[in-house]
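This report refers to the structure that appears directly beneath it.
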Amino acid sequence: MAQLSQFRLKGLLILAIVIFAVPLFITNPFHYGLATQIALIAGAVVGLNLLVGFAGQISLGHAGFFGLGAYFSAITTSTYGWSAIPALVVGAIGVAIIAWVVGRPILRLKGHYLSMATLAVGFIIAIILNNEREITGGPDGMPVVPFDVFGWELSPFGQYTLFGMEISGDLAWYLFAGVILLVAVWLAQNLIDSPIGRALRSVHGSEVAASVVGVNTAKYKSLVFVISAVYASVMGALYAHYQGFVTPAIAGFDFSIILITMVVLGGMGSTIGVIIGAVVLELLPQLLADFQDMEMVLFGLILMLTMIFMPKGLLPTAANLLAKRRKKSAGGDV
Amino acid sequence: MTALVEVNNLSKAFGGVHAVEDVSFSVEAGQVYSVIGPNGAGKTTLFNLITGLYTPTSGDVKLNGESTVRLQPNELAERGMCRTFQQMQICMNMTAMENVMLGRHLTLKSNLLTTLFRLPALTRDEKAAREKATELMEFVGCGEYLNAEASAMSYGALKRLEIARALAAEPKIVLLDEPAAGLNAVETAALEELIRKIAAQGITVMLVEHDMKLVMGISDRLLVLNYGRVLAEGTPEQIRSNPDVIAAYLGG
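So the sequence lines, in the order shown, correspond to chains U and Y. Residue numbering for the first sequence follows our numbering, beginning at 152 and increasing consecutively. Residue numbering for the second sequence follows our numbering, beginning at 3 and increasing consecutively.
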């Protein structure tokens with residue numbers, strides 16, 4: 152659709168403006184840290200949305216892939232001295248293969264059964280990361296060396312020059328994460344507005360309709376599962392380098408649920424919407440720091456309330472309201 | 003003329019219920035071939051068997067001489083067979099146009115790299131697919147819905163949209179399952195005209211339908227099913243004068 156392409160570019164442009172405007176409003180390194188985390192997690196959520204929002208499948212174990220990417224990079228760079236980019240790429244390929252092997256059989260399942268199977272996948276990954284103490288450091292986690300490109304290091308504690316300007320490592324990392332997020336969104340939008348994207352969405356809309364016009368639905372379900380796992384893996388690897396430390400918690404059940412909640416809250420099938428979901432759910436615990444123990448309760452409540460009152464999620468619901476209002480006021484003029 | 007679809011002793015049982023039993027017939031290329039029969043006679047089951055949604059208990063279906071009973075629906079689509087459904091299968095999460103463009107799936111190359119980086123090859127193919135879809139939507143009479151969401155369309159328009167999607171795959175044969183169900187007289191007349199136009203393009207049409215006036219008017223041959231078995235087969239004239247059919251179905 153001409154409209155869809157227009158909307159796609161508009162969304163990307165607005166996102167770019169927001170990302171690059173954020174540094175005008177924050178100066179505190181802690182806030183940069185938060186913004187960087189949000190951008191990286193949002194990238195993983197954009198990938199998960201391809202699976203959940205567009206293809207209508209579910210993964211309750213997606214943090215597992217995030218964790219695998221993170222640990223693969225952590226171990227290969229910190230223990231074996233690999234450079235960050237080859238580590239990230241090889242990790243992503245490895246995760247793609249694992250996701251394909253696992254996805255092929257379990258994506259035959261539907262609904263609750265698929266939920267349970269993906270949940271189990273996440274648990275298995277988290278348990279392995281927890282138990283392989285020799286390699287992963289076990290529950291205590293392990294330190295990770297800074298991200299590097301051909302020997303040049305990007306560390307939150309460094310000082311860099313960009314276009315003749317002195318910038319702090321925090322800001323540099325934030326800008327880097329912001330650009331990565333933009334690329335993630337651009338790729339996702341390209342995928343959606345294409346024959347492959349239509350095939351994916353048709354699996355959601357009507358699997359049988361898709362199959363009778365020649366869509367190999369099993370193949371496309373595996374494909375989107377693999378793509379969303381690769382998104383998680385890449386973002387996980389960057390996250391590990393940025394944090395400088397990984398623990399098995401990033402592969403755990405809680406984080407999987409947080410990722411899904413971000414998709415549902417922001418709006419399944421809305422690429423910009425799920426980013427808003429990620430922003431809201433990352434900021435909320437900061438605002439409610441006193442209720443730290445209640446975090447998961449809060450997320451559960453948000454998930455429930457969104458499902459009941461706003462099943463389409465924040466952004467699509469807001470867009471609908473706006474469109475309705477506009478129609479009303481236009482109608483009033485006539 | 004050669005048989006495009008050949009059905010030999012086809013049976014399907016669900017538990018103890020024989021939905022389709024020992025059915026044989028053949029459809030020649032270019033025909034409009036209708037399957038009629040009372041409710042529960044096994045018409046839709048027969049369509050589901052032919053299009054690969056069900057695997058038969060016994061018997062065989064051949065498309066262009068090749069046995070298809072082990073093939074998936076998407077593999078049948080690759081061999082030129084498309085269909086619509088009695089319970090319409092429209093992707094309500096997509097626009098009307100995208101639903102028809104989905105029908106172009108097999109003719110579009112779907113390379114992941116050209117897709118992710120939106121290379122010119124993809125944009126060009128998409129533009130061609132959109133033009134073809136526009137043409138087809140106008141052909142079936144959905145021209146006013148070119149920019150509509152599927153969920154905003156009327157029932158009758160959705161039925162035509164489903165036909166456009168099937169045609170988008172450039173099939174040799176389309177199977178239409180009760181396309182006139184729920185349509186008013188004007189819409190049914192338009193549908194009859196549409197089926198004639200499809201047949202005129204050389205596309206073989208198989209039809210399950212209850213509307214006798216429609217079926218008798220456009221079919222080259224008919225198959226009458228009753229309790230899963232073949233009651234009669236022949237031209238509309240033969241069927242109309244067949245005493246068994248009159249007794250069981252047409253009701254004198």
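Cβ atoms here follow ideal geometry from the backbone N, Cα and C, with glycine treated the same way.
Between the alpha carbons of L258 of chain U and I249 of chain U lies a gap of roughly 14 Å. Closer than 8 Å at the C-beta level to chain U, one finds these residues of the region 119–148 of chain Y: F119, R120, L124, D127, E128 and A131. Just so you know, the alpha carbons of V34 of chain Y and S221 of chain Y end up roughly 5 Å apart. In the three-state scheme derived from DSSP, where H, G and I count as helix and E and B as strand, T178 of chain U is classed as coil.
Closest by C-alpha distance to E211 of chain Y, out of Y:L6, Y:E137, Y:D179 and Y:M155, is Y:D179. Apart from sequence neighbours up to five positions away, the residues of its chain that approach G194 of chain U with a beta-carbon distance below 7 Å are I331, L332, A335, Y382 and M386, ordered along the chain.
One alpha carbon belongs to G254 of chain U, the other to S26 of chain Y, and they sit about 40 Å apart. Annotated three-state conformation of A5 of chain Y is strand, per DSSP. The alpha helix (DSSP H) runs of length 4 or more contained entirely in the region 266–341 of chain U are, from start to end of the chain, 284–287.
With respect to chain Y, the C-beta atom of A195 of chain U has no partner C-beta closer than 9 Å. The Cβ neighbour count for P290 of chain U, taken over all protein chains shown within 10 Å, is under 16; the residue is labelled exposed. With its beta carbon less than 9 Å from one in chain Y, T368 of chain U belongs to the interface. The beta strand (DSSP E) runs of length 3 or more contained entirely in the region 346–396 of chain U do not exist; there are none. Going by beta carbons, V207 of chain Y and L177 of chain Y fall inside the 9 Å limit. Taking C-beta atoms under 8 Å as the contact rule, L416 of chain U and G428 of chain U qualify, at a distance of about 4 Å. Between K215 of chain Y and chain U, the shortest Cβ-Cβ separation is not below 9 Å. Taking all protein chains in view, the Cβ of T237 of chain Y is surrounded by fewer than 16 other Cβ atoms within 10 Å, so the residue is classified as exposed. At a Cβ-Cβ threshold of 9 Å, A152 of chain Y and T116 of chain Y do not count as neighbours. Nearest C-alpha to V203 of chain U among U:G262, U:A400 and U:I168: U:G262.
Considered as a whole, the region 188–244 of chain U harbours 213–225 as its complete alpha helix (DSSP H) runs of no fewer than 4 residues, in chain order. Per DSSP, reduced to three states, the secondary structure at A15 of chain Y is strand.
Residues of the region 72–101 of chain Y whose Cβ lies closer than 9 Å to any Cβ of chain U, in chain order: Q74, P75, N76, E77, L78, A79, E80, M83, C84, R85, T86, F87, M90, Q91, I92, C93, M94, N95, M96, T97, M99, E100 and N101. Here A238 of chain U is actually not in contact with T230 of chain U; their C-beta atoms are around 11 Å apart, not less than 8 Å. Residues of chain Y whose Cβ lies closer than 7 Å to the Cβ of H355 of chain U are, in chain order, N95. Put simply, the backbone Cα of T109 of chain Y is about 21 Å away from that of S373 of chain U. Residue-level contact by beta carbon holds for R106 of chain Y and chain U, with a gap shorter than 9 Å. Using a 10 angstroms sphere on the CB of M99 of chain Y, the tally of other CB atoms reaches 16 or more, which defines it as buried.
DSSP, read as helix, strand or coil, puts T190 of chain Y in helix. Bounds of the beta strand (DSSP E) holding K64 of chain Y are S60 to L65. The three-state reading of DSSP puts S26 of chain Y in strand, counting E and B together.
For a Cβ distance threshold of 7 Å, residue set V364 of chain U lies close to R167 of chain Y, ordered along the chain. Annotation for D405 of chain U: no beta strand (DSSP E) segment contains it, though the alpha helix (DSSP H) segment containing it runs F404 to G417. Classified as buried, R352 of chain U has 16 or more neighbouring CB atoms from the shown chains inside 10 Å of its CB.
In this structure, U:A243 is the residue among U:A206, U:A235, U:A243 and U:L456 with its C-alpha nearest to the C-alpha of F217 of chain U.
Taking 9 Å as the CB threshold, G420 of chain U lines the interface with chain Y. Cα atoms of G39 of chain Y and F49 of chain Y: separation of roughly 13 Å, rounded to the nearest angstrom.
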